[in-house]
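If you're matching positions, the sequence shown starts at 1 in full-length UniProt numbering and goes up one per residue. We put the beta carbon where it would ideally sit given N, CA and C, even for glycine. Source: prediction; values computed, not measured.
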Amino acid sequence: MNNIERRDRELPYIADREVLEEYRACRKLLHRLNHTDLADFAALKAIVKELLGKSENAVINPPFFCDYGFHIEVGKNFYANYNCTIIDVAKVVIGDNCLMGPNAAIYTAGHPLHPEARKSLYEYGIGVTIGDNVWIGGGAIVLPGVHIGSGSVIGAGSVVTKDIPAMSLAAGNPCRVIREITAEDMRYYFRDREFDEESAAEIKRFMEK
Numbered sequence: 001m002n003n004i005e006r007r008d009r010e011l012p013y014i015a016d017r018e019v020l021e022e023y024r025a026c027r028k029l030l031h032r033l034n035h036t037d038l039a040d041f042a043a044l045k046a047i048v049k050e051l052l053g054k055s056e057n058a059v060i061n062p063p064f065f066c067d068y069g070f071h072i073e074v075g076k077n078f079y080a081n082y083n084c085t086i087i088d089v090a091k092v093v094i095g096d097n098c099l100m101g102p103n104a105a106i107y108t109a110g111h112p113l114h115p116e117a118r119k120s121l122y123e124y125g126i127g128v129t130i131g132d133n134v135w136i137g138g139g140a141i142v143l144p145g146v147h148i149g150s151g152s153v154i155g156a157g158s159v160v161t162k163d164i165p166a167m168s169l170a171a172g173n174p175c176r177v178i179r180e181i182t183a184e185d186m187r188y189y190f191r192d193r194e195f196d197e198e199s200a201a202e203i204k205r206f207m208e209k
């Protein structure tokens with residue numbers, strides 16, 4: 001079994017010449033993305049489509065960093081704000097209508113705990129799965145093997161080390177569930193600030209589509 005096969009089976013692998021060639025191809029795309037005029041939305045969208053492959057209406061504000069790109073699968077209307085990182089050594093699956101705040105990161109890569117094992121140059125990737133309608137706040141970090149359920153919000157600056165259930169507000173280091181997100185939360189756009197009549201009506205029309 002070669003190291004690409006080992007990596008893609010979530011087994012320990014070494015980043016040899018073949019692995020680095022895949023990495024090199026991604027870096028060329030990232031260079032184009034991160035050096036494109038930020039006002040040229042069409043060009044940015046085209047590069048994102050090339051980088052992520054299967055995606056619909058994905059938007060990434062450069063700079064953005066990843067290892068391969070082809071290990072990232074996003075649903076409809078994915079949005080990543082400035083300076084996001086997805087270390088996609090293993091598969092990263094993200095659902096529809098998901099948001100990543102500035103400086104948010106998803107890590108699938110890791111190294112052995114014991115220093116002698118690390119010296120062997122073996123590393124690994126364990127996949128991350130994120131459901132639909134998830135918002136990962138700015139500066140939050142999602143670690144290898146984590147699953148975040150649909151509808152959840154991860155607070156800014158959190159470090160997500162374990163699974164987060166659906167419809168949860170979670171935050172902290174390590175990230176913990178603070179409370180469930182309920183129908184009552186529909187009334188508010190920020191803390192105790194309620195939607196005005198115009199915006200509330202627009203949300204209702206959107207939901208009825």
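Query - Closest by C-alpha distance to His35, when choosing among Pro62, Ala15, Gly172 and Ala42 - result: Taking the first residue of the sequence shown as 1, we reach residue 35 at position 35. When only C-alpha atoms are compared, the closest one is Pro62.
Query raised in the report: Comparing the C-beta of Gly101 with each C-beta of chain C, is any distance below 8 Å?
Result: No chain C is part of this structure, which consists of one protein chain only.
Query - Own chain partners of Ile126 with C-beta closer than 8 Å, once the 5 adjacent residues on each side are dropped - result: For the purposes of this step, residue 126 is taken as the residue at position 126 of the sequence shown. Once the five neighbours on either side are set aside, the close Cβ partners of Ile126 are Glu10, Ala90, Thr108, Gly110, Pro144 and Gly145.
Requested in this report: Go ahead and label Gly149 buried or exposed: buried means 16 or more other beta carbons lie within 10 angstroms of its beta carbon, across all protein chains shown.
Outcome: Locating residue 149 in the sequence shown gives position 149, where the first residue counts as 1. Using a 10 angstroms sphere on the CB of Gly149, the tally of other CB atoms reaches 16 or more, which defines it as buried.
**Report entry** Cβ neighbours of His147 in the same chain (closer than 6 Å, five flanking residues each side left out)
**Finding:** Counting from 1 along the sequence shown, the entry for residue 147 is found at position 147. Around His147: Thr129 and Asp163.
Query - Contact belief for Val153 with Cys175 at Cβ below 8 Å, rounded distance in angstroms - result: As a position in the sequence shown, residue 153 is number 153, starting the count at 1. As a position in the sequence shown, residue 175 is number 175, starting the count at 1. With a Cβ gap of about 11 Å, Val153 and Cys175 do not count as contacting.
Query raised in the report: What does a CB cutoff of less than 6 Å around Tyr82 pick up in its chain, not counting 5 residues either side in sequence?
Result: On the sequence shown, residue 82 is found 82 positions in, with the first residue counted as 1. Asn61 and Pro102.
Query raised in the report: If we count the other Cβ atoms within 10 Å of its Cβ and call it buried at 16 or more, is Ser120 buried or exposed?
Result: Translated into positions along the sequence shown, residue 120 becomes position 120. When all chains shown are included, Ser120 counts as exposed.
Report task. Apply the 10 Å Cβ neighbour rule to Met100 and answer buried if 16 or more other Cβ atoms are within range, or exposed otherwise. Result -> As a first step, residue 100 is located in the sequence shown; it is residue number 100 there, counting from the start. Label assigned to Met100: buried.
Query - DSSP state of Arg176 mapped onto helix, strand, coil - result: The residue you call residue 176 lines up with position 176 of the sequence shown. Per DSSP, reduced to three states, the secondary structure at Arg176 is strand.
Query raised in the report: Based on Cα-Cα distance, which residue from Arg187, His71, Asn2 and Pro165 lies nearest to Arg17?
Result: Within the sequence shown, residue 17 is the residue found at index 17, counting from 1. Of the candidates Arg187, His71, Asn2 and Pro165, the residue whose Cα lies closest to the Cα of Arg17 is Asn2.
Query - For Ile87, the first and last residue of its enclosing beta strand (DSSP E) - result: Residue numbering aside, residue 87 sits at position 87 when the sequence shown is read from its first letter. From DSSP, the beta strand (DSSP E) with Ile87 extends over Cys84 to Ile87.
Query raised in the report: Which class does Cys98 belong to by DSSP, given the choice of helix, strand or coil?
Result: To locate residue 98, count along the sequence shown from 1; it is residue 98. Cys98 sits in coil when the DSSP states are folded into three classes, being neither helix nor strand.
**Report entry** Residues bridged to Cys66 (per DSSP)
**Finding:** Within the sequence shown, the letter at position 66 stands for residue 66. DSSP lists Ile86 as partners of Cys66.
Query raised in the report: So, residue 283 versus Gly69, is the Cβ gap smaller than 8 Å?
Result: For residue 283 there is no data in the structure shown, the boundaries of the chain being 1 and 209.
Query raised in the report: Can you name the start and end residues of the alpha helix (DSSP H) that Glu208 belongs to?
Result: As a working mapping, residue 208 is identified with position 208 in the sequence shown. Bounds of the alpha helix (DSSP H) holding Glu208 are Glu197 to Glu208.
Query raised in the report: Hey, would you say Glu194 sits closer than 8 Å to Arg205, going by beta carbons?
Result: Walking along the sequence shown from the start, residue 194 turns up at place 194. Walking along the sequence shown from the start, residue 205 turns up at place 205. For Glu194 and Arg205, no; Cβs fall outside 8 Å.
Query raised in the report: For Glu5, which of helix, strand or coil comes out of DSSP?
Result: As a working note, residue 5 is residue 5 in the sequence shown. Collapsing the DSSP output to three states places Glu5 in a helix.
**Report entry** Buried or exposed by the 16-neighbour rule on C-beta atoms within 10 Å, applied to residue 235
**Finding:** Summary: the structure shown does not reach residue 235, with the chain confined to residues 1 through 209, and so no result is reported for it.
**Report entry** Own chain, CB closer than 8 Å to Arg191, minus 5 neighbours either side, in chain order
**Finding:** Translated into positions along the sequence shown, residue 191 becomes position 191. Counting only residues of its own chain and dropping the five nearest sequence neighbours on each side, Arg191 has no CB closer than 8 Å to any other CB.
Query raised in the report: How many Å lie between Val142 and Cys84 at the Cα?
Result: As a position in the sequence shown, residue 142 is number 142, starting the count at 1. As a position in the sequence shown, residue 84 is number 84, starting the count at 1. Roughly 12 Å separates the two Cα atoms.
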